[in-house]
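*Asks:* Read in order, the letters of the sequence shown are residues 3 to 318 in our numbering. Questions regarding the structure given below will be posed in turn.
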Amino acid sequence: GVDRLQPSAFSATKLAGDQALMARDLDWVILRPSVVLGRPAFGASALFRGLAALPLLPVMPSTGRLQVVQLDDVIATVLHFLRPDSASSIALDLAGPEALPMSKVVGLYRCWLGSRPAGEFTLPGSVAAGLYRIGDATALLGWRPPMRSNAAKEIVRGAVGDPHPWIAATGIQPSSLEAALKLNPATVQERWFARLYFVKPAIFTILPFFWIMTGVISLTTGWRRGVDLLVGTAIGPLAEPAVIAGALADMAVGALIAWRPTSRLGLFGAIAVALFYAIAGTMLRPELWNEPLGPFLKILPIIVLHFVALAVLEER
């Protein structure tokens, strides 16, 4: 629908690209797919699976309808136009046969995952706007959240189109979402992915917060307590520099995890730092293993959580 309405810079640049191509003396073909869904869990396919796994479905206000198109149909169309005898100088909307509300799309995925229908609630506009702003801020750190300001504008318009010219030009009959899901039943790997979808951002929010705040506390309100723990040990004379070094290491690890290009390095760094604390602490203050609050025992689940983060880090 970028040829009809451009609510965001995303749509405007797509239209500009179309116009630049059509102005050239080439055998061009422009395909304008709506929301593409398929077996690979990425982008919209991943988001809908994650939403389908929630116990309650949050509905964004003022969402348009979606004529989702299957990835296999898009691939078949591309292969069709790669044939030497195919038409050229043609622009087609690739849209599915049904215009569905987003809640219906999520409901079909929920049924596919083997879950009962979920209750729905509409997010207040202010909450939705706040989530989009959080997405914009997260994108500045190199992450690719699906909820950003561009998405907010696009979701109001929806993604609909007329599939009949596409069908007439190629002979391809687009599959409905329900039919496509029935052809590929969900297995345990799809259920795992869906349930972990929103756990992942929670992990990559809490880990940087944990490490950075640990460093901040060590340099502020927890300074005296940290120094006192090291006084009387083998490194007593270096207690203050050791606390400073540990605090700076914690904050550096947290910053590395938060910045997407360095997240993997930060996670390995965090594991190394945590192991160092466990070994050094055992040598200097072994009695802390018997503390009721378990300051050393807690290092073990923290390390495991970092391995979980490494396992779910990649998006493709």
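Built from N, CA and C at the ideal position, the CB exists for glycine as well. Model, not experiment: these values are computed from the prediction.
Does Met62 pass the burial test, meaning 16 or more other C-beta atoms within 10 Å, or should it be called exposed?
*Replies:* Looking up residue 62 in the sequence shown gives position 60. Result: buried.
*Asks:* Measuring alpha carbon to alpha carbon, tell me which of Phe83, Pro187, Pro147 and Leu179 ends up nearest Gln72.
*Replies:* Within the sequence shown, residue 72 is the residue found at index 70, counting from 1. Comparing Cα positions, the closest option is Leu179.
*Asks:* Quick one: grab the DSSP three-state call for Val158.
*Replies:* As a working note, residue 158 is residue 156 in the sequence shown. It is helical.
*Asks:* Go ahead and pull the three-state DSSP assignment for Ile237.
*Replies:* Residue mapping note: residue 237 aligns to position 235 of the sequence shown, counting from 1. Reduced to three states, the DSSP call for Ile237 is coil.
*Asks:* Taking 8 Å as the threshold (C-beta atoms), are Ala154 and Ser134 in contact?
*Replies:* Stepping through the sequence shown from its first residue, residue 134 is reached at position 132. Stepping through the sequence shown from its first residue, residue 154 is reached at position 152. Per the sequence shown, the amino acid found at residue 134 is Tyr instead of Ser. For Tyr134 and Ala154, yes; Cβs fall inside 8 Å.
*Asks:* Spell out a yes or no on whether the region 104-118 and the region 183-201 are touching, meaning 3 or more CB-CB pairs, one atom from each, closer than 8 Å.
*Replies:* With a cut-off of 8 Å, the region 183-201 and the region 104-118 count as touching, because enough Cβ pairs lie within range.
*Asks:* Quick one: grab the DSSP three-state call for Arg197.
*Replies:* Walking along the sequence shown from the start, residue 197 turns up at place 195. Helix.
*Asks:* Just curious, the beta strand (DSSP E) that Thr124 is in, first and last residue?
*Replies:* In the sequence shown, the residue the question calls residue 124 occupies position 122. It spans Gly121 to Thr124 - the beta strand (DSSP E) in which Thr124 sits, taken as one unbroken run.
*Asks:* Consult DSSP for Leu73 and reduce its assignment to one of helix, strand or coil.
*Replies:* Translated into positions along the sequence shown, residue 73 becomes position 71. Reduced to three states, the DSSP call for Leu73 is helix.
*Asks:* Just mark Val129 as buried or exposed, buried being the case when its beta carbon has 16 or more other beta carbons within 10 Å.
*Replies:* By 1-based counting over the sequence shown, the position of residue 129 is 127. Exposed: under 16 other Cβ atoms inside 10 Å.
*Asks:* Just verifying my parser: in three-state terms, what is the DSSP assignment at Ala204?
*Replies:* In the sequence shown, the residue the question calls residue 204 occupies position 202. It is helical.
*Asks:* Given this structure, state the Cα-to-Cα distance separating Thr65 from Lys106, to the nearest angstrom.
*Replies:* Position 63 of the sequence shown, counted from the first residue, corresponds to residue 65. Position 104 of the sequence shown, counted from the first residue, corresponds to residue 106. Their Cα atoms are separated by approximately 12 Å.
*Asks:* Would you call the region 207-220 in contact with the region 235-251, where contact means no fewer than 3 C-beta pairs closer than 8 Å?
*Replies:* Yes, they touch.
*Asks:* Mark Gly110 as exposed unless 16 or more other C-beta atoms lie within 10 angstroms of its C-beta, in which case mark it buried.
*Replies:* Start at 1 with the first residue of the sequence shown, and residue 110 comes out as number 108. It is worth fixing the name first, because residue 110 is Leu in this sequence and not Gly. Counting Cβ neighbours within 10 Å, Leu110 comes out buried, since at least 16 surround it.
*Asks:* Is it the case that the Cβ atoms of Ile2 and Ile273 are separated by a distance below 8 Å?
*Replies:* Outside the shown range of the chain, which is 3 to 318, sits residue 2, and nothing can be said about it.
*Asks:* Within its chain, find whatever has a CB closer than 6 Å to the CB of Glu317; leave out the 5 residues flanking it on each side and keep chain order.
*Replies:* For the purposes of this step, residue 317 is taken as residue 315 along the sequence shown, with counting starting at 1. None.
*Asks:* Does the region 284-294 come close enough to the region 221-235 to have 3 or more Cβ pairs within less than 8 Å?
*Replies:* yes
*Asks:* Closest by CA to Tyr199, which one among Ala43, Pro297 and Ala254?
*Replies:* As a working mapping, residue 199 is identified with position 197 in the sequence shown. Residue Ala43 is the option with its Cα nearest to Tyr199.
*Asks:* Hey, is the region 91-104 in contact with the region 160-168, meaning 3+ C-beta pairs nearer than 8 Å?
*Replies:* yes
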